[in-house]
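A quick write-up on the structure given underneath.
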Amino acid sequence: MANDSLRIVLIGPPGSGKGTQAPNLVKKFGAGHLATGDMLRSQVAKKTELGIKAKKIMDEGGLIPDDTMVNMIESELENNPACKNGFILDGFPRTIPQAEKLDAMLAKKNIPLQKAVELKIDDELLVARITGRLVHPASGRSYHKLFNPPKVAGKDDITGELLIQRSDDNEGALKKRLVNYHKQTEPIVDYYAKTGIWAAVDASQAPKNVWSDVLKYLGQH
Ligand code: ATP
Ligand code: MG
Numbered sequence: 249m250a251n252d253s254l255r256i257v258l259i260g261p262p263g264s265g266k267g268t269q270a271p272n273l274v275k276k277f278g279a280g281h282l283a284t285g286d287m288l289r290s291q292v293a294k295k296t297e298l299g300i301k302a303k304k305i306m307d308e309g310g311l312i313p314d315d316t317m318v319n320m321i322e323s324e325l326e327n328n329p330a331c332k333n334g335f336i337l338d339g340f341p342r343t344i345p346q347a348e349k350l351d352a353m354l355a356k357k358n359i360p361l362q363k364a365v366e367l368k369i370d371d372e373l374l375v376a377r378i379t380g381r382l383v384h385p386a387s388g389r390s391y392h393k394l395f396n397p398p399k400v401a402g403k404d405d406i407t408g409e410l411l412i413q414r415s416d417d418n419e420g421a422l423k424k425r426l427v428n429y430h431k432q433t434e435p436i437v438d439y440y441a442k443t444g445i446w447a448a449v450d451a452s453q454a455p456k457n458v459w460s461d462v463l464k465y466l467g468q469h
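Using this note's numbering, the first residue of the sequence shown is number 249, and each one after it goes up by one.
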């Protein structure tokens, strides 16, 4: 991995727009997009041992054990050719132990994190975003029934394949995901603030305005 490549973490509650902004970063900086939720859902679809266990936890709005997630990321960083030119972490780290283990792993490889961007938004705005969300499972592309509808109802713009509603994208599971976010994930904001690599962006704005704020923070405006 080149030393001048982009190495960034996106932090934000469910529906804050991590999966919308990450592809913009991929396009601009050519780094690999590691979305742990998408990776887990692909295990679920393949009905692997991990997938079967993970589905239950995800549907209940819980978190997969730290070691499982750390190993998943380590293996991607080592084997995924897209990460040769840096990485965008989306959905990881989600706990302080994950953040600490990530730092240790990156220190050993001499490729420390450069930025941690928090997509900041009030919980009240997330219910509508999550309950109207549609996704294209194969690519991770997401749409919204009202805010960002596909060109043809229920179908992915690029492949024409069917869009689905995630089984954890309902009000009940969202409540638990938000509780977990505030309790387990939000503390990593302080963790990165202490190292000076954190910045918050107002994620209640339209996606293109969020993107321009992200670029400003990266010094690319
Ligand atoms: P988004 O709205 O951006 O998709 P999200 O938090 O709702 O964000 P994902 O990132 O897709 O959803 O993750 C879905 C689920 O996968 C989580 O609720 C959790 O159960 C599990 N998961 C994903 N990443 C991790 C992680 N780093 N540690 C533990 N569990 C994880
Ligand atoms: Mg996502």
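The beta-carbon is built from N, C-alpha and C at its ideal position, and this holds for glycine as well.
Quick check: the Cα distance between residue i and residue j, rounded to an integer number of angstroms?
{"i": "ASN251", "j": "GLU326", "result": "Any reading at ASN251 is ruled out, since the residue's pLDDT is 49, under 50, leaving its predicted position unreliable."}
{"i": "GLU308", "j": "GLY388", "result": "21 Å"}
{"i": "ALA441", "j": "GLU366", "result": "10 Å"}
{"i": "LEU288", "j": "HIS281", "result": "14 Å"}
{"i": "ALA330", "j": "ASN319", "result": "18 Å"}
{"i": "GLY299", "j": "VAL400", "result": "31 Å"}
{"i": "ALA279", "j": "HIS384", "result": "21 Å"}
{"i": "LYS464", "j": "PRO341", "result": "23 Å"}
{"i": "ARG381", "j": "GLY334", "result": "29 Å"}
{"i": "SER390", "j": "LEU374", "result": "15 Å"}
{"i": "THR296", "j": "PRO397", "result": "32 Å"}
Sorted by chain position, which residues of the same chain lie with C-beta nearer than 8 Å to residue i's C-beta, five sequence neighbours on each side aside?
{"i": "THR283", "result": "What sits at residue 283 in the sequence shown is Ala, not Thr. The residues are LYS266, GLY267, ALA270, ASP338, GLY339 and GLY388."}
{"i": "ASN328", "result": "GLY280 and LEU282"}
Report all residues from its chain with a CB closer than 6 Å to the CB of residue i; omit the five preceding and five following residues, and keep chain order.
{"i": "ARG377", "result": "GLY263"}
{"i": "PHE277", "result": "LEU254"}
{"i": "ILE321", "result": "PHE340"}
Near residue i, which residues of its chain fall below 7 Å by C-beta distance, leaving aside the five closest residues on each side in sequence?
{"i": "ASN418", "result": "THR379"}
Quick one: measure Cβ to Cβ for residue i and residue j, integer angstroms, because I've assumed they're closer than 8 Å.
{"i": "LEU466", "j": "PRO261", "result": "About 22 Å; that fails the 8 Å criterion."}
{"i": "GLN432", "j": "THR343", "result": "5 Å"}
Taking DSSP as the reference, what is the three-state secondary structure of residue i?
{"i": "GLU322", "result": "helix"}
{"i": "HIS384", "result": "coil"}
{"i": "ARG377", "result": "helix"}
{"i": "GLY263", "result": "coil"}
{"i": "ALA454", "result": "coil"}
{"i": "ARG389", "result": "coil"}
{"i": "ILE369", "result": "coil"}
{"i": "ARG425", "result": "helix"}
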